Amino acid sequence: MSALALPARDGPDPGAPLLIQVFPQATEIVATILVDMIEPELAASLLGQRFHGCCDCTPGCRFVLTAPAGSSGPQMLWLEAAGDVVGEVSLDPTGTFVTNLDISDCAAVAIPPDWLSVTVPRPRISVSLIDDRRGLR
199 MSALALPARD GPDPGAPLLI QVFPQATEIV ATILVDMIEP ELAASLLGQR FHGCCDCTPG
259 CRFVLTAPAG SSGPQMLWLE AAGDVVGEVS LDPTGTFVTN LDISDCAAVA IPPDWLSVTV
319 PRPRISVSLI DDRRGLR
């Protein structure tokens, strides 16, 4: 994955963890597949996208959200490795970034079938109290 640089990308929720921090192996595999499919811009963008949770449209849905729910447009790409479909990604309405992804054939891309079972880090929340009368923080 060294051929792709991690771009700085502040999405709608800059407090959400980067996808590559939550699912490093899966993110790198999908980005590599996108490069192999002649989609280097999508691959580079994916590396800087944030994890917005897992889709809850139906029980058992395995889509990982890389943008807020409802961000997808009508475009999607089948992820292909060695001529076989191993997953899919949906794109935003302009087709410039991935909004969600699924890896349906984990064995074909050598990732554990339970890769979605990781513990997701919680965003850090800082609270600042301001007293207007004294200017204290």
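With our numbering, letter number 45 in the sequence shown gets 243, and the count goes up by one each step, no holes. The C-beta atom is built at its ideal place from N, Cα and C for all residues, glycine as well. Just so you know, these numbers come straight off a predicted model, no measurement behind them.
Best match in the options for proximity to residue i [C-alpha to C-alpha]
i, options, result
"Thr264", "Met274, Leu275, Phe249", "Phe249"
"Ser288", "Pro310, Ile301, Pro311", "Ile301"
"Gly271", "Cys252, Thr292, Ile218, Val233", "Thr292"
"Ile309", "Leu245, Asp290, Gly285, Thr297", "Gly285"
"Ala241", "Cys253, Cys255, Ala224, Val283", "Ala224"
"Val296", "Val220, Gln219, Cys259, Pro266", "Pro266"
"Leu245", "Pro222, Thr256, Gly251", "Pro222"
"Glu278", "Thr256, Trp313, Asp290, Cys304", "Cys304"
"Gly213", "Met235, Pro238, Gln247, Glu239", "Gln247"
Per DSSP, cross-strand counterpart(s) of residue i
i, result
"Leu217", "In the DSSP output, where bridge partners are listed per residue, Leu217 has none listed."
"Leu263", "Asn298"
"Met274", "Ser288"
For residue i, three-class secondary structure by DSSP
i, result
"Ile189", "Residue 189 falls outside the range modelled here, since the chain spans only 199 to 335, and no answer is possible."
"Ala279", "strand"
"Glu226", "helix"
"Ser243", "helix"
"Ser288", "strand"
"Gly251", "coil"
"Ser269", "coil"
"Pro310", "coil"
"Ile236", "coil"
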